[in-house]
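Order-wise, the sequence lines are chains R and D. Per our numbering, the first sequence starts with residue 1, numbered consecutively. Per our numbering, the second sequence starts with residue 107, numbered consecutively. Even glycine gets a Cβ: it sits at the ideal position worked out from N, Cα and C.
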Amino acid sequence: MKKFTDMEEDTGPIKNKLGVLTYKTDSEDRAHIVVDGSICDKCPHHLCIAGCPVRCFNFFEIDGRPQMVFQYEDCIECGTCDIMCDQGAVSWSLPRGSFGVAYEEG
Amino acid sequence: MKDFDTIVVGAGVGGCATAIKLAQLGKEVVLLERGQPAGSKNLSGGVLWGNDLSEILPNWQSEAPIERIVLNKKVGFLSQDDATVIDLHFEDWNKPPYNGSIVLRAKLDEWLANQAKENGVTVLDGITVDRLLTQDGMVKGIESQKDVLEAPITVIMDGANSRLTLEAGLRKEKKMSEAKSKYMLGLKDVLQLDKEKIEERFALGEKEGVAGEFVLGNIPGKVKAGGFLYTNHDSISLGVVVHLDSLTPEDRTYKVLDLFKNHPYIKRLIRDGDSLAPLKEYGAKLIPEAGYNMMPQLYGDGFMVGGDAAGFVFSNGLVIQGMNYAIKSGLLAAETAANAIERNDFSRNSLKGYQKLLENSYVLKDLKNFKNVTRMTKNENLFKKYPHAINDGFKMALTETGQPKKKLYKTMLGAFKKRGVGMFTLMKDGLRGGRQL
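Okay, structure coming up:
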C-alpha cells in the first residue's frame, strides 16, 4: 500500500501540470464521480491510483486512519477509474452539460 | 411527437460527419454535445488518416484547421537510453489528397460543428445526454436533465467512454471494469515550440509535419506502452498509450509519459533552448483497442452506434487509427438513417443495412482482418525484450571496439539471446506477429 510519506514527491509534478487546464467546476453535491471510501479500505490494489492520469485518487492518513480521498475537481473525465476499480467503489457519470474540463487544443 | 428526423449524440469527428451527411440528404438533424463549445471535450493523439471527410466537405483539407500534413513518419524502438528509429519519407504524402493530417481536436471539431450548422444541422452544445428514451423496446430519443428530445432514430457517437451504450446494456460488459483488457489510456502533452524551430529541427517546410510512433522499452515493471510525437503548427503533441491491463499498483500512468519525455532521444526533439518546451495543455482519453472483439450491438430498433463508442479503432502496435473509422461509420450510419426515413421504418430490420455497409467498407473489413492483432500488440516481448535487443544488436554492430567484427546477423542473434530471446521464441513471435500484421 502507498505510504503517506511518498505523497509530495508523487503528486507534486502531476498536480503542477493541471495548472494549464481550464475547468468549470460544478458544486460538490453535483460531483460527477462519487467514491465510496469504505470499500477502498478493503481494496487489495488501489489500481485507480495507478490509472488516473491526473491523480484524483489519494490514499493517505487522516486523523490516524488511512483512507481514500477523491478530488472530482481535477478530473478530466477519461473514465479510467471506472475501468480500474473492480470493487464497486466508483460511481461514474458525466458532468452536467458544459461543466468539467474544457480543452483548447485537444 | 418527433422533434427531429435524427438525433446524433456527440460532436466528435464521427458525430459531425453523421449530422452533416444527413443534413445534406435533406433530413432534420440535431447534434448534441456535452462540451461547450463543441470540441472542448475532445482529444486524440493527432493524425486523421485518409480523406473520408471529402464526401461531405470536399475542401476540408484546405479549409479545416489542420496543423500540418504528415510528410515524414518515424517508427522507433526505445530502450533505456538508446533508440533505433526507422525514418520514412514518401514524397507523395505531400500532395493532395493528403494521406495524413495532423490535427488538434478542440480546434478541428469546433470547426466541424460549425460546418454542421452551416449545412442546416441544429447543434446544441453544453448538453449531456443522460439516457436513451425507450418505448415498447424502441429507442424514441434521449433524455437530458429530465428534458426529452424525440426522434425516430438516434445515432450514438458518444466516444470511447460510451456511457449510453453501457447504460442501455448494448455492450458485452455490464460494468467498465470488465473491459480492462480492451482499453488503453492515451496521455498527451501539447508542448509549445516556435514554428521556425519545429521546421528547422525536423527539416520540414511550411505545413509539413512528422508523425512518430515508438515502442517503449524504457518503462519499468510490467507496463506495456507506446509513445507518439506529432508536430503541430507551433507546438508538439507528445504522448503515450498505456495498456490498462498491464498496470500494477506501483505504476502511475502519468509517470509513463514523464519517462517517455525524458528519454535521451525524445528529449532532444522537444527541447527549447536549455530546457524542455513548455507545457501548453495536458489531457488524456481512453482508446478502445479490442476492435472486432469489443463491438457492442451496432444497431437496433431506432438506434445505431459508431466511432469509438462502437470500438472502431484500428491498432497494430505501430499505428492507432480511430478518427477515419469514426467518420466512415458516421457516413454509413447517415446513409442508413436517410433510407430508413424514406421508408418510414425505424425497426432493427430497417437499420440492419448499417451493419452490411460497415462490413462492405474498410471499417469492419480491417477490424475483422486484424481481430487477433492484440496477440502481438500485447506480447510482453515486444515491450520488454525486443526494443533492448534491437538497440543492443545495432550498437554492437556499429560500435568500434578494436576487436575483429562479427557478421551482422550473428551480432543481432547474440543480442536477442542475451535479452532472453532465443531463436525459437524469435521465430514463434516473428511468425505470429508477421501473420497478424
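Going by C-alpha positions, residue 115 of chain D is about 5 Å away from residue 262 of chain D.
At a beta-carbon threshold of 8 Å, the residues of chain D lying near residue 96 of chain R are 234 and 251, ordered along the chain. For the segment 260 to 290 of chain D, residues whose beta-carbon sits nearer than 7 Å to a beta-carbon of chain R comprise 267, 269, 282, 283, 285, 286 and 289.
Only buried fits residue 337 of chain D, as 16 or more other CB atoms lie within 10 angstroms of its CB. Contact with chain D is absent for residue 64 of chain R, since none of that chain's Cβ atoms lies less than 7 Å from the residue's Cβ. Under DSSP, residue 244 of chain D shares a beta bridge with D:241. At a cut-off of 7 Å between beta carbons, residue 387 of chain D contacts chain R. Near chain R, meaning a CB-to-CB distance below 7 Å, the residues of the segment 289 to 315 of chain D are 289, 291, 293 and 296.
Sequence-distant Cβ neighbours of residue 485 of chain D in its own chain, meaning closer than 8 Å and more than five residues away, are 535, 538 and 539.
Any Cβ of chain R closer than 7 Å to the Cβ of residue 140 of chain D would place that residue at the interface, and such an atom is present.
About 5 Å separates the CB atoms of residue 460 of chain D and residue 410 of chain D; that is less than 8 Å, so the two are in contact.
When C-alpha distances from residue 426 of chain D are compared across D:155, D:524 and D:525, the shortest belongs to D:155. Between the segment 298 to 306 of chain D and the segment 375 to 392 of chain D, the count of Cβ pairs shorter than 8 Å is three or higher; the stretches touch. Chain order gives the chain D residues near residue 50 of chain R as 353, 354, 355, 356, 357, 358 and 359, where near means a beta carbon separation below 8 Å. Rounded to whole angstroms, the Cβ separation of residue 222 of chain D and residue 122 of chain D is 5 Å, and the two are in contact under 8 Å. With three or more CB-CB distances shorter than 8 Å, the segment 166 to 177 of chain D counts as touching the segment 191 to 211 of chain D. For residue 68 of chain R, the uninterrupted beta strand (DSSP E) run begins and ends at 65 to 70, by DSSP. For residue 216 of chain D, the enclosing alpha helix (DSSP H) covers residues 211 to 224. The distance from the Cβ of residue 398 of chain D to that of residue 184 of chain D is about 29 Å, inconsistent with a contact at the 8 Å cut-off.
Contact check for residue 255 of chain D against residue 243 of chain D fails: the beta carbons are separated by 7 Å or more. Counting the other CB atoms within 10 Å of its CB gives residue 430 of chain D a total of 16 or more, which places it among the buried residues. Ranking D:517, D:289 and D:220 by CA distance to the CA of residue 504 of chain D puts D:517 first. Chain order gives the chain D residues near residue 20 of chain R as 385, 386, 387 and 388, where near means a beta carbon separation below 8 Å.
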